[in-house]
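Residue numbers (the working numbering): 1 to 69. Data block below; observations after.
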């Protein structure tokens, strides 16, 4: 690359960008990247899915019923 050229390469193994640029352009690129590089909120959901038939509730001590008024 010649002096003044901008080179941007993605490094997938580290999820990073390798930048080569003159100082003024590098500062502008850093500003843009800092606005884009925001960790997204994540939610962890743990679930247990159980399949039951009508007779299984007796073995587990589950009482099925309804209150009628």
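Every residue, glycine too, gets a C-beta built ideally from N, C-alpha and C.
Taking the alpha carbon of residue 24 as the point to measure from, which residue in 54, 53 and 5 has its own alpha carbon closest? Residue numbering aside, residue 24 sits at position 24 when the chain shown is read from its first letter. The option with the nearest alpha carbon to residue 24 is 5.
Residue 33 and residue 44 closer than 8 Å at C-beta: If you number the chain shown from 1, residue 33 lands on position 33. If you number the chain shown from 1, residue 44 lands on position 44. No.
Unbroken beta strand (DSSP E) runs of length 3 or more, entirely within the region 2-36: which are they? 7-11 and 16-20
If I measure Cβ to Cβ from residue 50 and keep anything under 6 Å in the same chain, skipping five residues before and after, which residues do I get? Within the chain shown, the letter at position 50 stands for residue 50. Here the set comprises nothing.
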